[in-house]
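Input: a single structure, listed below in structure tokens.
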Amino acid sequence: MPLRPLEIKKYSILPGFGLTMGFTLMYMGFLVVLPLSTVFIQTAGIDWTQFWNIVAAPRLVASYKLSFGAAFIAALINTIFGLLVAWVLVRYSFPGKRVIDGLIDLPFALPTAVAGITLTTLYAPHGWLGKYFTFLALKAAFTPLGVVIALTFIGLPFVVRMVQPVLETLDQEREEAAASLGADRLQTFTKVIFPELLPALLAGFALAFARALGEYGSVVFISGNMPMRTEITPLLIMTKLEQFDYAGANAIASVMLIVSFMLLLLVNILQWWSINRHTDH
Amino acid sequence: MSDHIALRPGAAPVTNTVATTEPPLIRWLLIGIALGFLGLMLIVPLIAVFTKALEAGMALYLRAILDPAALAAVRLTLLTVAVAIPLNTIFGLAAAWAIAKFEFKGKNLLITLIDLPFAVSPVIAGLIFVSLFGVKGLLGPWLAAQGLKIIFAPPGIILATVFVTFPFVARELIPLMHSLGTVEEEAALILGASGWKTFWHITLPNIKWGLLYGVILTSARAAGEFGAVSVVSGHIRGLTNTLPLHVEILYNEYQFVAAFAVASLLTLMAVITLVAKSIVEWKVQQQLEEAQKK
Numbered sequence: 038m039p040l041r042p043l044e045i046k047k048y049s050i051l052p053g054f055g056l057t058m059g060f061t062l063m064y065m066g067f068l069v070v071l072p073l074s075t076v077f078i079q080t081a082g083i084d085w086t087q088f089w090n091i092v093a094a095p096r097l098v099a100s101y102k103l104s105f106g107a108a109f110i111a112a113l114i115n116t117i118f119g120l121l122v123a124w125v126l127v128r129y130s131f132p133g134k135r136v137i138d139g140l141i142d143l144p145f146a147l148p149t150a151v152a153g154i155t156l157t158t159l160y161a162p163h164g165w166l167g168k169y170f171t172f173l174a175l176k177a178a179f180t181p182l183g184v185v186i187a188l189t190f191i192g193l194p195f196v197v198r199m200v201q202p203v204l205e206t207l208d209q210e211r212e213e214a215a216a217s218l219g220a221d222r223l224q225t226f227t228k229v230i231f232p233e234l235l236p237a238l239l240a241g242f243a244l245a246f247a248r249a250l251g252e253y254g255s256v257v258f259i260s261g262n263m264p265m266r267t268e269i270t271p272l273l274i275m276t277k278l279e280q281f282d283y284a285g286a287n288a289i290a291s292v293m294l295i296v297s298f299m300l301l302l303l304v305n306i307l308q309w310w311s312i313n314r315h316t317d318h
Numbered sequence: 012m013s014d015h016i017a018l019r020p021g022a023a024p025v026t027n028t029v030a031t032t033e034p035p036l037i038r039w040l041l042i043g044i045a046l047g048f049l050g051l052m053l054i055v056p057l058i059a060v061f062t063k064a065l066e067a068g069m070a071l072y073l074r075a076i077l078d079p080a081a082l083a084a085v086r087l088t089l090l091t092v093a094v095a096i097p098l099n100t101i102f103g104l105a106a107a108w109a110i111a112k113f114e115f116k117g118k119n120l121l122i123t124l125i126d127l128p129f130a131v132s133p134v135i136a137g138l139i140f141v142s143l144f145g146v147k148g149l150l151g152p153w154l155a156a157q158g159l160k161i162i163f164a165p166p167g168i169i170l171a172t173v174f175v176t177f178p179f180v181a182r183e184l185i186p187l188m189h190s191l192g193t194v195e196e197e198a199a200l201i202l203g204a205s206g207w208k209t210f211w212h213i214t215l216p217n218i219k220w221g222l223l224y225g226v227i228l229t230s231a232r233a234a235g236e237f238g239a240v241s242v243v244s245g246h247i248r249g250l251t252n253t254l255p256l257h258v259e260i261l262y263n264e265y266q267f268v269a270a271f272a273v274a275s276l277l278t279l280m281a282v283i284t285l286v287a288k289s290i291v292e293w294k295v296q297q298q299l300e301e302a303q304k305k
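Read top to bottom, the protein sequences are chains A and B. Numbers given in the working numbering equal positions in the first sequence, counted from 1, plus 37. Numbers given in the working numbering equal positions in the second sequence, counted from 1, plus 11.
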């Protein structure tokens, strides 16, 4: 039931709204909103020219290119394979399916430092997987390629977990209808199934991208942290802090926070779009 | 955000007819590619952690884990988890009660705010506490005058960890409590039970599995957090080192076997989390199916 214009809360006989809501707002205010606002308070201490000199310095621009570029490629890889994995898990049966399904969340559960040292060891020139790159005259660890590998690992679950529930609730009668009207399987997929999955795919992409942009632990080991070449933006915040340059660190952080907020907003809009499409039918 | 238990009460089992599936060759090809990708990305690293940890034998493995610095890191990690769990559980219960049981304006904004720590880089999560409480922070001079130390000390580590883990319980409970509705609570209240009694005897038993999973996620993330903790810790060995920071120090000192030995403890914790997730998901699914039958 929608709220009437002047009502803030709909009437309910359940008690405790004031207590729980008050506690929630207070806890979040002190723990989240107040600390996060210091980023902008500290940044406000410098003027625009100083701000611009910090956030547009060549070393930072190089880090934006790497952070955004590697996050974008990793999210793209995860979108393609995430769709495939979700499809295989929902539509087909094969031995060990339940275990594989549970394993998808490993990147969420595994501490990022552990992921970092493990991937670095695996993809180092003489590592289990790195030696194949060496054979192809490529280097994985300590190059931008290594950053992409780490970010792909970190973002792997997002698209799968966004697409899976949509695929499970998809009405198969529409696929039968498409088939009976003469569409082949590929046409059914591209014209009937794919458009239904699109909002979930985009939301999954945005989540994986956002996570990859801010990621630190798994990347610092494999990237090698060479200035201008393999430094990610969160690492430069860390570098500024180690020099006690709080204003500089917060200026960079404010740029990253604004990008993150916009991505979060985008994800919420996409989810809203997805839900509305499904309630329409 | 995708950590929640997926609740799909209406999902009908997928039945494949000839018209709605692919030829066996394509099917097995797709399964092969998907499993190849997952094997390379997930299973190989998982095997690698334990192989590298045990490479030099059990004696070295045990020595790395029982090293005084490692044990100090275990203690600090456990302390952090022990503070983060009760705080974020109480918050999660309060937030879920307010959000899932009532209709009010600005609900979506509040949910987005709860999600915020997921979207914030861990480094920024650490930075905000340094900016507040560090030597040159907003409250730094005042804290120094009082002789209090938060940054480069355990309180900073605990604060950053509580920040990073605060959405987990709330994000598990909100969808669960929402799908359970308010009918049972209303019945209890009408029959004369007090608000607390209703919560203890009706709501809590209904949400126990979701709550348990939220707590497991909180503890796994609290024990494993690296970026945020790294910013506020100052890396003082034996004093402000958590397990993930200890792994980093060992690795950077080229003590690879010891680094992977400690890392294997954290990996074991991750695997237990995954198993717990599967069990809880199954329990919640069962509970919702029973609720639908009634």
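Note that beta-carbon positions come from the ideal geometry of N, C-alpha and C, so glycine has one too.
Residue i burial status per 10 Å Cβ neighbour count (16 or more: buried)
i, result
"proline 56 of chain B", "buried"
"phenylalanine 231 of chain A", "exposed"
"histidine 212 of chain B", "exposed"
"serine 13 of chain B", "Because serine 13 of chain B sits at a pLDDT of 41, beneath the cut-off of 50, its placement in the model cannot be relied upon, and the following sentence gives the value as read from the coordinates. Looking at its Cβ environment, which holds 16 or more other Cβ atoms inside 10 Å, serine 13 of chain B is buried."
"phenylalanine 88 of chain A", "buried"
"serine 205 of chain B", "exposed"
"tyrosine 48 of chain A", "exposed"
Nearest-angstrom Cα separation, counted from residue j out to residue i
i, j, result
"valine 196 of chain A", "leucine 149 of chain B", "40 Å"
"aspartate 68 of chain B", "phenylalanine 267 of chain B", "Per the sequence presented here, residue 68 of chain B reads as glycine, with aspartate not at that position. Taking the straight line joining both Cα atoms gives about 13 Å."
"glutamine 157 of chain B", "threonine 253 of chain B", "26 Å"
"glutamate 114 of chain B", "isoleucine 50 of chain A", "12 Å"
"lysine 116 of chain B", "valine 286 of chain B", "38 Å"
"alanine 94 of chain A", "arginine 198 of chain A", "38 Å"
"phenylalanine 144 of chain B", "aspartate 208 of chain A", "54 Å"
"glycine 285 of chain A", "serine 291 of chain A", "10 Å"
"isoleucine 186 of chain A", "asparagine 263 of chain B", "21 Å"
"lysine 112 of chain B", "aspartate 142 of chain A", "29 Å"
"alanine 270 of chain B", "leucine 261 of chain B", "5 Å"
"isoleucine 191 of chain A", "valine 146 of chain B", "33 Å"
"glutamate 259 of chain B", "phenylalanine 118 of chain A", "31 Å"
"glycine 21 of chain B", "glutamate 292 of chain B", "Interpretation of glycine 21 of chain B is limited by its pLDDT of 46, a score under 50 that renders its predicted location unreliable; no figure is taken from the coordinates."
"valine 134 of chain B", "alanine 171 of chain B", "10 Å"
"leucine 193 of chain A", "asparagine 115 of chain A", "6 Å"
Cutoff 8 Å: residue i Cβ touching any chain B Cβ
i, result
"tyrosine 129 of chain A", "yes"
"arginine 222 of chain A", "yes"
"isoleucine 110 of chain A", "no"
"threonine 180 of chain A", "no"
"threonine 189 of chain A", "yes"
"isoleucine 91 of chain A", "no"
"proline 132 of chain A", "no"
"serine 49 of chain A", "yes"
"phenylalanine 170 of chain A", "no"
Per-residue DSSP class, three states only, for residue i
i, result
"phenylalanine 237 of chain B", "coil"
"lysine 46 of chain A", "strand"
"leucine 71 of chain A", "helix"
"threonine 251 of chain B", "coil"
"aspartate 138 of chain A", "helix"
"alanine 81 of chain A", "coil"
"proline 35 of chain B", "helix"
"glutamine 297 of chain B", "helix"
"lysine 147 of chain B", "coil"
"leucine 187 of chain B", "helix"
"glutamate 264 of chain B", "coil"
"leucine 159 of chain B", "coil"
"serine 130 of chain A", "coil"
"proline 216 of chain B", "helix"
"threonine 193 of chain B", "coil"
Test: residue i CB closer than 8 Å to a CB of chain A
i, result
"arginine 182 of chain B", "no"
"glutamine 303 of chain B", "no"
"isoleucine 139 of chain B", "yes"
"serine 190 of chain B", "no"
"glutamate 300 of chain B", "no"
"proline 56 of chain B", "yes"
"isoleucine 42 of chain B", "yes"
"valine 179 of chain B", "One point to set straight first is that residue 179 of chain B is phenylalanine, not valine, in the sequence displayed. For phenylalanine 179 of chain B, the answer is no, since every Cβ of chain A falls outside 8 Å of its Cβ."
"tryptophan 108 of chain B", "yes"
"leucine 36 of chain B", "no"
"glutamate 264 of chain B", "no"
beta-carbon residue i near the ligand GDP non-hydrogen atom, thresh 7 Å
i, result
"alanine 247 of chain A", "No copy of the ligand GDP occurs in the structure displayed, which carries no ligand at all."
Fill in: Ordered list of alpha helix (DSSP H) runs contained in the stretch 223-277 of chain A, each at least 4 residues
Complete alpha helix (DSSP H) runs here, min 4: 231-251 and 254-260.
Worksheet item: Mind pulling the alpha helix (DSSP H) runs of 4 or more residues that sit fully within the stretch 60-135 of chain B?
Response: Qualifying alpha helix (DSSP H) stretches, in chain order: 69-77, 79-112 and 118-130.
Fill in: Completely contained alpha helix (DSSP H) runs for the stretch 150-234 of chain A, where each covers 4 or more residues
DSSP runs (the alpha helix (DSSP H)) wholly in the stretch 150-234 of chain A: 167-172, 181-206, 209-217 and 222-225.
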